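Peer 1:
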Amino acid sequence: MSGIRTLVVDDDAAAAQLHARYVAGTDGFVVVGTAGTGARALHRVAAGDVELVLLDVNLPDFSGVEVLHRLRTVLSARVDVLVISSARDATTVRQALSAQVVGYLVKPFTREALTRRLDEYRAQRAERPPEVPVPLGQGDIDAIVAARRADAIPSAARAPAPASLPKGLSASTLQVVLDALDPVTAVTVREISERSGASAPTVRRYLDHLGRTGQLTVSHRFGARGRPEVLYRRAL
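Structure, rendered in structure tokens:
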């Protein structure tokens, strides 16, 4: 097969098939499969034949943001990711963009819109310089090891100093909001507000900051009707 090998990840099977047809109909791309969960997406990428992932954020097992995190940290996968999602909250968008995705396309979109993004990506990909392995010196290796050790420090121990906080945010309230978050069970803004005693608008401002600094993860819970509920979990 010739073309950029693409995996389409979406929990809606009909949407996944539709987007796969869009991709297959775009010059320079070939669809290697679809996945309906984050776990299946990671398993498929681990096979080593995927170059581009069209990734939905709202997945049944864990969020697309978590998929991105595992792609970059656990698998160290050199794949490009184009997010395709109905999620528009600032925290989710910022977390996705911080993972160096090649784009973020909001659903619903037309075939023309996706084709345009794919054409732009293919052109940018063609302009990339080839990756040439460069031997690391001992100093470079020591720096990588030190960085990994720093990453292993719990987020609470790495709470930002007051001077580093955006204007209008306080370290004491930030710690209260952090304490209201759980690393295992995802909670809503309302639940965080009840635990912390802060108003919902205040909680959202602090969550936005925590999302930008990588101290929480975001997922979505779908009900029988209406918009999905945004859930927040403290990053490990």
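First residue of the sequence shown: 3, per the numbering used here; consecutive thereafter.
The C-beta atom is built at its ideal place from N, Cα and C for all residues, glycine as well.
Only a predicted model underlies this, so the values are computations on that prediction, with no experimental measurement involved.
1. Ordered along the chain, which non-local residues of its own chain (more than five positions away) have a Cβ less than 7 angstroms from that of R2?
2. Would a C-beta distance cut-off of 8 angstroms place R119 and G105 closer than the cut-off?
3. Give me the residue from V83, Q177, P203 and A48 with the minimum Cα distance to V55.
4. Mapping the DSSP letters down to three states, classify V47 as helix, strand or coil.
5. Just how far apart, CA to CA, sit S174 and D63?
6. Apply the 10 Å Cβ neighbour rule to A163 and answer buried if 16 or more other Cβ atoms are within range, or exposed otherwise.
7. For T190 and R235, I'd like the C-alpha separation in whole angstroms.
8. Using the three-state DSSP reduction, which class does T36 fall into: helix, strand or coil?
9. State the beta-bridge partners of G105 as determined by DSSP.
10. Could you pull out every residue in the same chain whose Cβ sits closer than 8 angstroms to the Cβ of T21, ignoring the five residues on either side in sequence?
11. How far does the alpha helix (DSSP H) with L180 in it extend, from its first residue to its last?
12. With 16 as the cutoff for other CB atoms within 10 Å, does A202 come out buried or exposed?
13. Using only alpha-carbon positions, find the residue among G66, R72 and L176 that is nearest to T94.
14. Taking the beta carbon of T112 as the centre, do at least 16 other beta carbons fall within 10 Å, making it buried, or is it exposed?
15. Output the distance between the C-alpha atoms of E53 and N60, rounded to the nearest integer angstrom.
16. Whole angstroms is fine: what's the gap from G5's alpha carbon to A26's?
Peer 2: According to the structure shown:
1. An answer regarding residue 2 cannot be provided, because it is not within the stretch 3 to 238 covered by the chain.
2. Here the question's residue 119 lines up with position 117 in the sequence shown. Here the question's residue 105 lines up with position 103 in the sequence shown. For R119 and G105, yes; Cβs fall inside 8 angstroms.
3. Here residue 55 refers to the residue found at position 53 of the sequence shown. When only C-alpha atoms are compared, the closest one is V83.
4. Counted from its first residue, the sequence shown places residue 47 at position 45. V47: helix per DSSP, three-state reduction.
5. Stepping through the sequence shown from its first residue, residue 174 is reached at position 172. Stepping through the sequence shown from its first residue, residue 63 is reached at position 61. If you take the alpha carbons of S174 and D63, they lie about 34 angstroms apart.
6. Translated into positions along the sequence shown, residue 163 becomes position 161. With a pLDDT of 46 at A163, under the threshold of 50, the modelled position of that residue is not reliable, and the figure given next carries that caveat. Looking at its Cβ environment, which holds fewer than 16 other Cβ atoms inside 10 Å, A163 is exposed.
7. In the sequence shown, counting from the first residue as 1, residue 190 sits at position 188. In the sequence shown, counting from the first residue as 1, residue 235 sits at position 233. Looking at the two C-alpha atoms, the distance is approximately 9 angstroms.
8. Position 34 of the sequence shown, counting from 1, holds the residue named residue 36. Here T36 sits in strand by DSSP.
9. Counting from 1 along the sequence shown, the entry for residue 105 is found at position 103. L84, per the DSSP bridge assignment.
10. Position 19 of the sequence shown, counting from 1, holds the residue named residue 21. Looking at the sequence shown, residue 21 is not Thr but His. The residues are V10, D12, L56, I86 and L116.
11. As a position in the sequence shown, residue 180 is number 178, starting the count at 1. Start and end: A173 to A182.
12. Locating residue 202 in the sequence shown gives position 200, counting from the first residue. Flag for A202 reads exposed.
13. Against the sequence shown, residue 94 aligns to sequence position 92. Comparing Cα positions, the closest option is G66.
14. Locating residue 112 in the sequence shown gives position 110, where the first residue counts as 1. By the 10 Å Cβ count, T112 comes out exposed.
15. For this step, residue 53 is matched to residue 51 along the sequence shown. For this step, residue 60 is matched to residue 58 along the sequence shown. Spanning the two alpha carbons is a distance of roughly 21 angstroms.
16. Walking along the sequence shown from the start, residue 5 turns up at place 3. Walking along the sequence shown from the start, residue 26 turns up at place 24. Rounded to whole angstroms, G5 to A26 spans 10 angstroms at the Cα level.
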